[in-house]
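S.K.:
Residue numbers (my numbering), protein chains in the order written: chain A, 858 to 1309; chain B, 14 to 102.
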């Protein structure tokens, strides 16, 4: 039998350190739902999702109960709708978003991702229609998440798409102004997106994936923070080792949940994504881990190095604990969703420029950041271009999830509620990037993309 | 299927008897028990076998939770696999 110490340490992690499985995400291919009519496609999509995912929530709850481990979210990702809807004669794909939303509500999942387009090299007719439908789709649905890939290491940066996405973000914010620009919290602009990401808002089911799969995202910033409290003043070798051991334990639990869910649903297990995903609750913050390493406030000098160590140690600890590691795997730094980041931003210790530097060494990008409502579309595009450049050159995923807070100025707070938290409006540079963005075209892929 | 039952709370008379009776009524076999009392706090961990159990796992879990509430304790049951995976390679 296990020692009492082992048993109680697991129970402590769950009860007091917010250990949980953040999401079980079912990936569903919608490639067989194509038709030439948007309403027919929407019906087929609704029927397919509600058939395949009908037991997802129940199975999640059963596993939660039997293992005593909270599974916070049950979600669905689908094939990018820009591909699925390309054959439709209509140009507005909003009816498909509404069908996705309805399906999510029917099966009881809180988010469904995949109202997406992959345009890192060029845009098809279907992609353009999809992108133009994003503002109305996000304004008329609650649970649908959207993402657009505008850059990749192999293709470079599609600057026409970057320019377009600045305008789409503005429009989405305007259409959801009554809900603090909530639509933009469900919209991610990617470089090098992954096809098996279980986390929202950027999840979609890539075309190279199987018909239906189960991906699991584990979390546990609180557990890592707690473990580090025991190595105060110790050298970084000890810090890295402690994070690795903790990440291993967390990931093993995620792997167990993935195998169980896969077996019970009769759906193959895809990957386990070992990401430290914070929530706005106290004791569940990535910023506090960085501060535990010796920084007075997250965002001060040393933050990038601390995050680099954390991100790397999480991967190293987790990789042996799962038979297929995938997704984004690393540390997330969504400002509004992390209690420590919110405080750091309020104290002006954490700025947009520092966050950009941090995204060079962690698994995502500028995430859940509120900027003044009068920020121009060109400035938003330029922020996206910078972030895409970091992803493209460093052969990693980067993303921008930014919310122009309509009617709000620097220092004011935007409240999203729930898991999405609240964000202080951060300043952007006031000098124009308009002429840079208006050039359009494509920034060529970097030299190291030519590996063949 | 094997599971671990943990009982945590203020020490009172009859905790073990109450939990063991509840399990016996449902034909759940106890394989191992370990307990400590630290500063008046009672902690018991119990390895049980549910192979012969007459009720579903969820019902055992509910009954234990309820018994815990009655006695002012936290009683939970979790499948053993989670501890295996976390603490054994």
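C-beta atoms are modelled at their ideal positions from N, C-alpha and C, and glycine is treated no differently.
So with CB distances below 8 Å, who are the chain A contacts of residue 56/B?
M.R.: As a working mapping, residue 56/B is identified with position 43 in the second chain. Those are 861, 865, listed as they occur along chain A.
S.K.: Would you mind reading off the limits of the alpha helix (DSSP H) that contains residue 18/B?
M.R.: Taking the second chain and counting its residues from 1, the one referred to as residue 18/B is at position 5. Looking at the DSSP string, residue 18/B is not in any alpha helix (DSSP H); the run it does join, the beta strand (DSSP E), is 15-23.
S.K.: Step through the CB atoms of chain B and report whether any lies within less than 8 Å of the CB of residue 1128/A.
M.R.: Reading the first chain from its first residue, position 271 is the one you call residue 1128/A. Chain B, which has no Cβ nearer than 8 Å to the Cβ of residue 1128/A, makes this no.
S.K.: At a Cβ threshold of 8 Å, is residue 66/B touching chain A?
M.R.: Numbered from 1 along the second chain, position 53 holds the residue referred to as residue 66/B. Residue 66/B does not count as touching chain A.
S.K.: Determine the DSSP secondary structure at residue 1156/A, reduced to helix, strand or coil.
M.R.: Within the first chain, the letter at position 299 stands for residue 1156/A. Residue state, collapsed to three classes: coil.
S.K.: Starting from residue 48/B, follow its DSSP beta bridges and name the residues at the other end.
M.R.: The residue given as residue 48/B occupies position 35 in the second chain. Residue 48/B has 57/B as its beta-bridge partners, per DSSP.
S.K.: Could you give the residue range of the beta strand (DSSP E) that holds residue 1099/A?
M.R.: Start at 1 with the first residue of the first chain, and residue 1099/A comes out as number 242. Run containing residue 1099/A: none in the beta strand (DSSP E); it sits in the alpha helix (DSSP H), 1093-1122.
S.K.: In terms of residues, what are the limits of the alpha helix (DSSP H) holding residue 992/A?
M.R.: As a working mapping, residue 992/A is identified with position 135 in the first chain. Where residue 992/A is concerned, the enclosing alpha helix (DSSP H) stretches over 982-996.
S.K.: Find the nearest neighbour of residue 1224/A within the set 1178/A, 1283/A, 1116/A, judged by alpha-carbon distance.
M.R.: Position 367 of the first chain, counted from the start, is the residue given in the question as residue 1224/A. For the residues 1178/A, 1283/A, 1116/A, the minimum Cα distance to residue 1224/A belongs to 1283/A.
S.K.: With DSSP as the reference, label residue 1217/A as helix, strand or coil.
M.R.: If you number the first chain from 1, residue 1217/A lands on position 360. Residue 1217/A: coil per DSSP, three-state reduction.
S.K.: Determine contact between the region 1277-1296 of chain A and the region 59-70 of chain B, defined as no fewer than three beta-carbon pairs at a distance below 8 Å.
M.R.: no
S.K.: Under DSSP, the alpha helix (DSSP H) around residue 923/A begins and ends at which residues?
M.R.: The sequence position of residue 923/A within the first chain is 66, counting from 1. Residue range 913-924 is occupied by the alpha helix (DSSP H) that includes residue 923/A.
S.K.: What number of angstroms, rounded off, separates the C-alpha of residue 982/A from the C-alpha of residue 1121/A?
M.R.: Here residue 982/A corresponds to residue number 125 of the first chain, with the count starting at 1. Here residue 1121/A corresponds to residue number 264 of the first chain, with the count starting at 1. Their backbone Cα atoms lie some 40 Å apart in a straight line.
S.K.: Kindly indicate which three-state DSSP category residue 1198/A falls into: helix, strand or coil?
M.R.: As a working note, residue 1198/A is residue 341 in the first chain. Three-state result, residue 1198/A: helix.
S.K.: Rounded to the nearest angstrom, what separates residue 66/B and residue 55/B at their Cα positions?
M.R.: Stepping through the second chain from its first residue, residue 66/B is reached at position 53. Stepping through the second chain from its first residue, residue 55/B is reached at position 42. Their Cα atoms are separated by approximately 26 Å.
S.K.: Just the Cα atoms here: how many angstroms apart are residue 970/A and residue 953/A?
M.R.: As a working note, residue 970/A is residue 113 in the first chain. As a working note, residue 953/A is residue 96 in the first chain. Each residue's alpha carbon lies about 12 Å from the other.
S.K.: Within 8 Å (strictly less), CB to CB, does residue 923/A reach chain B?
M.R.: Taking the first residue of the first chain as 1, we reach residue 923/A at position 66. So yes, residue 923/A belongs to the interface.
S.K.: For residue 1109/A, decide whether its Cβ has a neighbour in chain B, counting only Cβ atoms nearer than 8 Å.
M.R.: Here residue 1109/A is taken as the residue at index 252 of the first chain, counted from 1. Yes, contact with chain B.
S.K.: When Cβ atoms are compared, which residues of the region 69-84 of chain B fall closer than 9 Å to chain A?
M.R.: 70, 71, 74
S.K.: Could you tell me the distance, in whole angstroms, from the CA atom of residue 1055/A to the CA atom of residue 34/B?
M.R.: As a first step, residue 1055/A is located in the first chain; it is residue number 198 there, counting from the start. As a first step, residue 34/B is located in the second chain; it is residue number 21 there, counting from the start. Rounded to whole angstroms, residue 1055/A to residue 34/B spans 44 Å at the Cα level.
S.K.: Between which residues of its own chain and residue 1082/A is the CB-CB distance below 6 Å, once the five residues before and five after are set aside?
M.R.: Against the first chain, residue 1082/A aligns to sequence position 225. Taken in chain order, the residues that qualify are 1145, 1146, 1149.
S.K.: Kindly identify the DSSP beta-bridge partner or partners of residue 1288/A.
M.R.: Residue mapping note: residue 1288/A aligns to position 431 of the first chain, counting from 1. Note: residue 1288/A sits in no beta bridge, so no partner.
S.K.: With a threshold of 8 Å, are at least 3 pairs of Cβ atoms found where one atom belongs to the region 1290-1306 of chain A and the other to the region 34-44 of chain B?
M.R.: A contact between stretches requires three or more CB pairs, one per stretch, nearer than 8 Å, and the region 1290-1306 of chain A fails this requirement with the region 34-44 of chain B.
S.K.: Taking contact to mean 3 or more Cβ pairs, one atom from each stretch, closer than 8 Å, check whether the region 1092-1102 of chain A and the region 1178-1187 of chain A are in contact.
M.R.: The answer is no - the region 1178-1187 of chain A does not touch the region 1092-1102 of chain A, with fewer than three Cβ pairs under 8 Å.
S.K.: If you drop the 5 nearest sequence neighbours on each side, which residues of the same chain put their C-beta closer than 6 Å to that of residue 1033/A?
M.R.: Along the first chain, one-based indexing puts residue 1033/A at 176. Closer than 6 Å at the Cβ level, and outside the excluded window around residue 1033/A, lie 996, 1039, 1040.
S.K.: Please name the residue or residues paired with residue 1188/A in a DSSP beta bridge.
M.R.: Along the first chain, one-based indexing puts residue 1188/A at 331. 1133/A, per the DSSP bridge assignment.
S.K.: DSSP three-state call for residue 1225/A: helix, strand or coil?
M.R.: Mapped onto the first chain, residue 1225/A falls at position 368. Looking at residue 1225/A - three-state DSSP - the assignment turns out to be strand.
S.K.: Would you mind telling me which residues of chain C sit closer than 8 Å to residue 94/B, beta carbon to beta carbon, in chain order?
M.R.: Among the chains of the structure shown, chain C does not appear; the protein chains present are A and B.
S.K.: Under 8 Å between C-beta atoms, does residue 51/B make it to chain A?
M.R.: Residue numbering aside, residue 51/B sits at position 38 when the second chain is read from its first letter. Using a CB distance cut-off of 8 Å, residue 51/B does not count as an interface residue toward chain A.
S.K.: To which residues of the same chain is residue 112/B closer than 6 Å at the C-beta, ignoring the five residues directly before and after it?
M.R.: Chain B is shown from 14 up to 102; residue 112/B falls before or after that span and cannot be answered.
S.K.: Under a CB-based cut-off of 8 Å, is residue 19/B close to chain A?
M.R.: For the purposes of this step, residue 19/B is taken as residue 6 along the second chain, with counting starting at 1. Yes, residue 19/B counts as interfacial toward chain A.
S.K.: Would you say residue 89/B faces chain A, with C-beta separation under 8 Å as the test?
M.R.: Here the question's residue 89/B lines up with position 76 in the second chain. It does; some Cβ of chain A falls within 8 Å.
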